[in-house]
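Engineer:
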Amino acid sequence: MNRTLPLVIGAVIVIAAALLPLWIGPFYTRVAQLFFFSAGMAIAWNILGGFSGYWSFGHTVFIGMGAFSAAHIVNRLGPFGDGPLSMIAPILLAGLICGLFAAILAYPILRLRGIYFAIAMLGVSQVVGELVNNVSWFQGGIGVFLQTPVPSAMTPEDFFYYIFGGLLLLCFLISVAVRNSRFGYALLSIREDEDTAMMLGVATERYKIMAFVLSAILVGIMGAVYGYSVGYFTTYTVFRLDFSLNLIVFCLIGGIGTLFGPIIGTAVMLFITQVLLSRFLDIHLLITGAMVVAIILLMPGGIIGALSFRKRRANQAEPAAAEARA
Amino acid sequence: MTLFLQTVLNGLVLGGIYSLAAVGFSLVFGVLGIVNLTHGIFVVAGAYGALFLFARMGIDPLLAIIPIGLVLFAVGYVYQRTIIQWAVSRASLVASLVVTFGVAMMARNGLQLVFGPDVHTITPTYSFMSLTLGPLRIDVVRIVALGASLVLLVALALVLARTHFGRAIRATAQQPLAAELSGLNVRNLHGLTFGLGAAMAGASGAIIGIVQPFTAASEVAWTLNAFIVVVLGGIGSPAGALVGGLLLGLINAFTAQYIGPSLTQAAMFLVLVLMLLVRPSGLLGNAFGESR
Chain A
13 MNRTLPLVIG AVIVIAAALL PLWIGPFYTR VAQLFFFSAG MAIAWNILGG
63 FSGYWSFGHT VFIGMGAFSA AHIVNRLGPF GDGPLSMIAP ILLAGLICGL
113 FAAILAYPIL RLRGIYFAIA MLGVSQVVGE LVNNVSWFQG GIGVFLQTPV
163 PSAMTPEDFF YYIFGGLLLL CFLISVAVRN SRFGYALLSI REDEDTAMML
213 GVATERYKIM AFVLSAILVG IMGAVYGYSV GYFTTYTVFR LDFSLNLIVF
263 CLIGGIGTLF GPIIGTAVML FITQVLLSRF LDIHLLITGA MVVAIILLMP
313 GGIIGALSFR KRRANQAEPA AAEARA
Chain B
318 MTLFLQTVLN GLVLGGIYSL AAVGFSLVFG VLGIVNLTHG IFVVAGAYGA
368 LFLFARMGID PLLAIIPIGL VLFAVGYVYQ RTIIQWAVSR ASLVASLVVT
418 FGVAMMARNG LQLVFGPDVH TITPTYSFMS LTLGPLRIDV VRIVALGASL
468 VLLVALALVL ARTHFGRAIR ATAQQPLAAE LSGLNVRNLH GLTFGLGAAM
518 AGASGAIIGI VQPFTAASEV AWTLNAFIVV VLGGIGSPAG ALVGGLLLGL
568 INAFTAQYIG PSLTQAAMFL VLVLMLLVRP SGLLGNAFGE SR
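From first to last, the protein sequence lines stand for chains A and B.
For what it's worth, my numbering labels the leading residue of the first sequence as 13, then goes sequentially.
For what it's worth, my numbering labels the leading residue of the second sequence as 318, then goes sequentially.
1. Can you check whether the C-beta of residue 446 (chain B) is within less than 8 Å of a C-beta belonging to chain A?
2. For the candidate residues B:425, B:581, B:586, whose alpha-carbon lies nearest to that of residue 362 (chain B)?
3. Measure the CB-CB distance between residue 234 (chain A) and residue 49 (chain A) and report whether it falls below 8 Å.
4. Measure the beta-carbon distance from residue 527 (chain B) to residue 439 (chain B) and round it to whole angstroms, keeping in mind my assumption that it falls under 8 Å.
5. Which ranges would you report for the beta strand (DSSP E) in the region 523 to 551 of chain B if only whole runs of at least 3 residues count?
6. Tell me the DSSP bridge mates of residue 244 (chain A)?
7. On the three-state DSSP scale, how would you describe residue 455 (chain B)?
8. Check the C-beta distance from residue 559 (chain B) over to residue 325 (chain B) and give it rounded, since I have them as a contact under 8 Å.
9. Closer than 8 Å is the cut-off here; do at least three beta carbon pairs connect the region 262 to 273 of chain A with the region 298 to 314 of chain A?
10. According to the neighbour-count rule (16 or more other Cβ atoms, all chains shown, within 10 Å of its Cβ), is residue 333 (chain A) buried or exposed?
11. Would you say residue 312 (chain A) reaches chain B, if we count a Cβ-Cβ gap shorter than 8 Å as a contact?
12. For residue 149 (chain A), decide whether its Cβ has a neighbour in chain B, counting only Cβ atoms nearer than 8 Å.
13. Ordered along the chain, which non-local residues of its own chain (more than five positions away) have a Cβ less than 6 Å from that of residue 428 (chain B)?
14. What first and last residue would you give for the beta strand (DSSP E) that runs through residue 449 (chain B)?
15. Under 7 Å, CB to CB, which of the residues in the region 325 to 348 of chain B have a partner in chain A?
16. Going by beta-carbon coordinates alone, are residue 199 (chain A) and residue 223 (chain A) separated by less than 8 Å?
17. Under 8 Å, CB to CB, which of the residues in the region 293 to 313 of chain A have a partner in chain B?
18. Could you tell me how far apart the beta carbons of residue 563 (chain B) and residue 329 (chain B) are, in whole angstroms, since I believe they sit closer than 8 Å?
19. At a Cβ threshold of 8 Å, is residue 587 (chain B) touching chain A?
20. Return the CA-CA distance between residue 343 (chain B) and residue 552 (chain B), expressed in angstroms with no decimal places.
21. Beta carbons nearer than 9 Å to chain A: which residues of the region 418 to 441 of chain B have them?
22. Here's the rule: buried if 16 or more other CB atoms are within 10 angstroms of the residue's CB, otherwise exposed. What is residue 330 (chain A)?
23. For residue 136 (chain A), tell me which candidate among A:256, A:304, A:152 has the shortest Cα-Cα distance.
24. So with Cβ pairs under 8 Å, would you call residue 135 (chain A) a contact of chain B?
25. Could you name the residues that DSSP lists as bridge partners for residue 507 (chain B)?
26. In three-state terms, what does DSSP make of residue 71 (chain A)?
27. Do residue 364 (chain B) and residue 545 (chain B) have their CB atoms nearer than 8 Å?
28. Can you list, in chain order, the residues of its chain whose CB lies under 7 Å from that of residue 368 (chain B), leaving out five sequence neighbours each side?
29. Which residues share a DSSP beta bridge with residue 437 (chain B)?
30. Determine the extent of the alpha helix (DSSP H) in which residue 165 (chain A) is found, giving its start and end residues.
31. Under 8 Å, do residue 576 (chain B) and residue 466 (chain B) count as touching if we go by C-beta distance?
32. Taking the alpha-carbon positions, what's the residue 179 (chain A) to residue 305 (chain A) distance?
33. Please name the residues in the region 151 to 183 of chain A whose beta-carbon is closer than 8 Å to at least one beta-carbon of chain E, in chain order.
34. Which class does residue 194 (chain A) belong to by DSSP, given the choice of helix, strand or coil?
35. According to the neighbour-count rule (16 or more other Cβ atoms, all chains shown, within 10 Å of its Cβ), is residue 230 (chain A) buried or exposed?
36. With DSSP run on the structure shown, which of helix, strand or coil describes residue 257 (chain A)?
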């Protein structure tokens with residue numbers, strides 16, 4: 013397989029993205045930042061939901077937990093040094109806390125499958141959100157501050173643009189690595205038929221937990237950075253049902269379980285909702301809902317699925333096998 | 318002791334309403350295997366329908382159940398035969414989850430555009446009366462609501478158990494293929510079941526409208542409540558919905574009374590998650606268990 017071409021294209025995209033804020037104004041830098049953030053989380057969701065088929069409807073729990081962990085670490089344990097580098101330790105610790113929580117939660121909750129897992133995760137996110145909101149120690153009701161040490165030479169938009177851009181790249185590379193490893197194939201086998209996979213000797217339990225924890229850590233890290241980027245947040249800023257659902261919609265529109273699907277889906281949806289429809293806020297839900305329904309009915313495999321279906325139609329060499337796979 | 322009894326009473330009355338609001342969801346889940354995230358929309362649409370009929374024509378919400386039920390039956394039937402049927406046949410059963418979610422988003426937005434974002438209540442003449450039973454107090458509306466819920470639940474249970482239509486529904490739930498081979502029109506029955514579920518949801522919405530304030534956004538809560546009730550009680554039977562609903566009502570009332578009103582949701586979901594882990598088929602099990 014030719015490996016240089018993807019590498020060159022990837023490098024060009026990264027360099028172009030790095031230079032982009034010089035041309036576009038602050039508004040579009042913010043939109044791009046939102047895109048990086050959402051796409052990164054969609055990729056993290058996709059590692060669990062797309063590869064292993066365990067659709068979580070409550071991933072916002074890790075966003076909230078990451079953000080609140082970072083805030084409490086900074087506010088209670090004091091800053092770790094100064095300048096932008098002081099963010100690193102709280103963010104990593106927040107990711108670790110999310111991973112730990114996921115590891116504890118994983119054993120009981122991953123026994124559930126399909127719709128039951130989805131709704132149980134929704135339940136977990138609601139319970140944790142309510143607890144953070146109502147137990148005064150967490151200060152979710154009144155909100156917490158998380159000051160960002162933005163370097164003086166940069167505007168906050170540009171600063172977070174690069175951070176989220178870097179995180180998106182990280183998530184994507186991790187996702188590629190997972191997809192092409194034994195781990196990734198194990199997850200796919202779980203998605204296709206968990207019982208058969210288990211019977212054939214795949215350690216399904218362990219791989220599921222690994223995927224769940226990995227996904228939680230990535231989302232937690234991004235939640236912590238999100239906390240920094242908003243500066244002040246309450247429970248309802250970060251524990252949001254629509255975060256959880258958007259991740260699924262993004263993956264669904266791009267193509268669940270594919271590498272590029274989450275990125276493409278996020279780009280398409282954000283372009284439509286943030287750019288084209290930014291003036292029609294009162295019918296936002298209507299449009300999003302209509303898009304979701306249309307995508308499911310017209311191209312159940314998402315954009316990637318529709319494209320590869322075309323390609324398959326074009327070279328009729330292996331139609332039967334492809335159909336069976338679809 | 319009085320407080321305890323009062324809490325039990327409040328919980329049971331609330332639970333009766335939860336049961337009725339959830340039974341349609343339970344039926345659709347049991348027979349079609351679809352988690353209908355539009356269910357809360359049907360409930361809220363029933364409440365808005367009752368509000369409209371009451372405010373414009375002065376029709377009592379309890380009488381309004383009949384026209385609302387008929388309209389929602391038709392809507393549910395058409396909705397299942399078109400969008401949901403397409404989603405299941407083209408994509409998968411899980412995709413129906415996402416499709417119903419998308420439709421719910423659209424419908425919520427539509428209701429907000431039509432009726433505005435305000436909180437509404439329906440206030441018939443009997444809404445401020447209350448009865449005293451020794452030291453216990455209870456609002457007349459709540460008794461009426463509980464009574465209407467029980468009547469409708471019993472009616473549904475009789476239809477399912479005693480009529481040809483009910484037998485056909487149960488047969489379809491157990492073995493769609495065998496039901497089809499025996500000459501039943503399974504697609505039509507699926508549509509009818511869905512319509513029946515939507516009608517029950519609309520009826521419960523009309524009752525909820527006189528007991529509780531509602532907005533278009535409360536549909537999410539009603540969908541989740543329905544899911545919790547089904548998980549607690551068991552899928553597919555009115556009895557399961559009744560048990561689950563009463564249990565949920567009690568959990569809700571006791572949490573609000575003894576722990577804190579802001580933690581009711583957390584308590585409900587905690588019980589949901591525990592129940593899923595301990596006994597995923599619910600207290601009364603799956604009424605159509607053989608098939609799944």
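C-beta atoms are modelled at their ideal positions from N, C-alpha and C, and glycine is treated no differently.
Structural biologist: According to the structure data:
1. Look at residue 446 (chain B): its C-beta is not under 8 Å from any C-beta on chain A.
2. Of the listed residues, the one whose Cα sits closest to residue 362 (chain B) is B:425.
3. Going by C-beta atoms, residue 234 (chain A) is nearer than 8 Å to residue 49 (chain A).
4. Right, their Cβ atoms sit about 5 Å apart.
5. Every candidate beta strand (DSSP E) stretch fails here, since none sits fully inside the region 523 to 551 of chain B while reaching 3 residues.
6. Paired residue(s): A:157.
7. Residue state, collapsed to three classes: strand.
8. So it is not a contact: roughly 16 Å between Cβ atoms.
9. Contact holds: three or more Cβ-Cβ distances are below 8 Å.
10. Residue confidence for residue 333 (chain A) is low, a pLDDT of 49 falling below 50, so the modelled location carries little weight; the figure read from the coordinates is stated next. Per the 10 Å Cβ criterion, exposed.
11. At least one CB atom of chain B sits nearer than 8 Å to the CB of residue 312 (chain A).
12. Contact of residue 149 (chain A) with chain B is not assigned, every C-beta pair being separated by 8 Å or more.
13. Answer for residue 428 (chain B): 533, listed in chain order.
14. That run of the beta strand (DSSP E) goes 447 to 450.
15. Hits within the stretch: zero.
16. In this structure, residue 223 (chain A) lies closer than 8 Å to residue 199 (chain A) by Cβ.
17. Cβ contacts with chain B: 294, 295, 296, 297, 298, 300, 301, 302, 303, 304, 305, 308, 309, 312.
18. Separation of the CB atoms of residue 563 (chain B) and residue 329 (chain B) is rounded to 6 Å, and the pair is thereby assigned contact status at 8 Å.
19. Yes, because at least one Cβ of chain A sits closer than 8 Å to the Cβ of residue 587 (chain B).
20. Cα to Cα, residue 343 (chain B) sits roughly 5 Å from residue 552 (chain B).
21. Answer in chain order: 418, 419, 420, 421, 422, 423, 424, 425, 426, 427, 429, 430.
22. Interpretation of residue 330 (chain A) is limited by its pLDDT of 49, a score under 50 that renders its predicted location unreliable; the figure taken from the coordinates is listed afterwards. When all chains shown are included, residue 330 (chain A) counts as exposed.
23. In this structure, A:256 is the residue among A:256, A:304, A:152 with its C-alpha nearest to the C-alpha of residue 136 (chain A).
24. By this cut-off, residue 135 (chain A) is an interface position.
25. In the DSSP assignment, residue 507 (chain B) is bridged to no other residue.
26. Three-state DSSP puts residue 71 (chain A) in coil, outside helix and strand.
27. No, the Cβ-Cβ distance between residue 364 (chain B) and residue 545 (chain B) is not below 8 Å.
28. 437, 439, 526.
29. DSSP, once it has assigned bridges, lists B:531 as partnering residue 437 (chain B).
30. No alpha helix (DSSP H) holds residue 165 (chain A); DSSP gives it neither H nor E.
31. Not a contact, by the Cβ cut-off of 8 Å.
32. Taking C-alpha positions only, residue 179 (chain A) is separated from residue 305 (chain A) by approximately 31 Å.
33. Protein chains in the displayed structure are A and B, and chain E is not among them.
34. DSSP, read as helix, strand or coil, puts residue 194 (chain A) in helix.
35. Burial of residue 230 (chain A) is indicated by the presence of at least 16 other C-beta atoms within 10 angstroms of its C-beta.
36. Residue 257 (chain A): helix per DSSP, three-state reduction.
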